[in-house]
Every structure is written in C-alpha cells, then in structure tokens.
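Count along the sequence shown starting at 1, add 3, and that's the number in the working numbering.
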Amino acid sequence: MCKLGDIIVVKEFKDKDGNTVPKHSFVVINDEKDYVEGLKYDFVSNMMCSFHNDKHKNKKLKYQENLPIKEEYISGDKINSKSGYIKADQLYYFNKSLIEYKVIAHMEAELLDELVQLILVLNEKGLLKNVTDLEKMEV
Numbered sequence: 004m005c006k007l008g009d010i011i012v013v014k015e016f017k018d019k020d021g022n023t024v025p026k027h028s029f030v031v032i033n034d035e036k037d038y039v040e041g042l043k044y045d046f047v048s049n050m051m052c053s054f055h056n057d058k059h060k061n062k063k064l065k066y067q068e069n070l071p072i073k074e075e076y077i078s079g080d081k082i083n084s085k086s087g088y089i090k091a092d093q094l095y096y097f098n099k100s101l102i103e104y105k106v107i108a109h110m111e112a113e114l115l116d117e118l119v120q121l122i123l124v125l126n127e128k129g130l131l132k133n134v135t136d137l138e139k140m141e142v
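What follows is the structure in structure tokens.
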C-alpha cells in the first residue's frame, strides 16, 4: 500500500505519449480516491528521473517544471544514490489494482512541500499534464 510521500517503482505503465514503459520510479503526491477525465484512480504521482551526466543535468534543470532531488530528503533501504529530478508538470493517475508496484523509499516533508508548491505554480500557468492509464476501469 503506498501513501503520500512514498517513492515507488511501477513495473509497467503508459507514458504521456501512450508508450508502454517498464520499471520506473515515482513519488506519490496524493493517495485519495477520485476521478479524473471520468476515470477512477486511487493515487497520483510524479515521475522521477536520473541524470545521465552533467550536460544532461544542466539541460534538464533549465526547465522550471523539473525539480532537483535532494538526496538528504530521501530515506529508505533501496535508494540508488543517483542524482536526479522530478517531473513536476506530469501528474500520473494510477489505480493500485491495475498496476504492479513496490514502495522503495520515502520523501521527507520538506522536499514534498517544495514539489507541491511547484505543482501549484505550474497549475496557475496552465502547464500541468494529466497522464492516465486507466482505460480498464469501470466508471
């Protein structure tokens, strides 16, 4: 069972372009049941990504929607110690009964608050994208 602030690995999901992506990390930003675009979900998350090198890091951090991950705000046994970022502009809506995932770590409140504040700013600017893989759900 995942909850707010958990860092999870989803075995397989569809990205914003509809492509199937294997094994990726997300941070849970909402664990309440609700509907989006008429589809039922029970948690919302943001994708986490690693930097490939310094050039990649500099490129990705030029974008307002990418929040750097501060390792000191992540706790857990399965941390990969890679430098990375959170894609704050992409809200992934999942249904726990339709995906395989495992909780691997937890994000401390300070970084989670920073993420939520960035999401609110991006929402005011109309920059949020909803990503759903919920077509199997009955409404």
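Even glycine gets a Cβ: it sits at the ideal position worked out from N, Cα and C.
Per DSSP, reduced to three states, the secondary structure at E15 is strand. Between the C-alpha atoms of T135 and D18 there is a straight-line separation of about 8 Å. If you look at A112, you'll find it in the alpha helix (DSSP H) that goes A112 to E127. In the three-state DSSP reduction, H109 falls in the strand class (E or B). Looking at the DSSP output, Q93 sits in a beta bridge with K132. In this structure N22 is exposed. Its beta-carbon is surrounded by fewer than 16 other beta-carbon atoms within 10 angstroms. Taking the CA atoms as reference points, Y76 sits about 31 Å from K43.
Taking C-alpha positions only, K62 is separated from L7 by approximately 29 Å. D80 has its alpha-carbon roughly 10 Å from the corresponding atom of V106. Between E35 and F46, the alpha-carbon positions lie close to 6 Å from each other. For E113, same chain residues with a beta-carbon under 7 Å away, outside a window of 5 residues either side, are Y76 in chain order. The stretch 19-96 is shown to contain whole alpha helix (DSSP H) runs of 4 or more residues at 57-63, in chain order. Within 10 angstroms of the beta-carbon of S100 lie fewer than 16 other beta-carbons, which makes it exposed.
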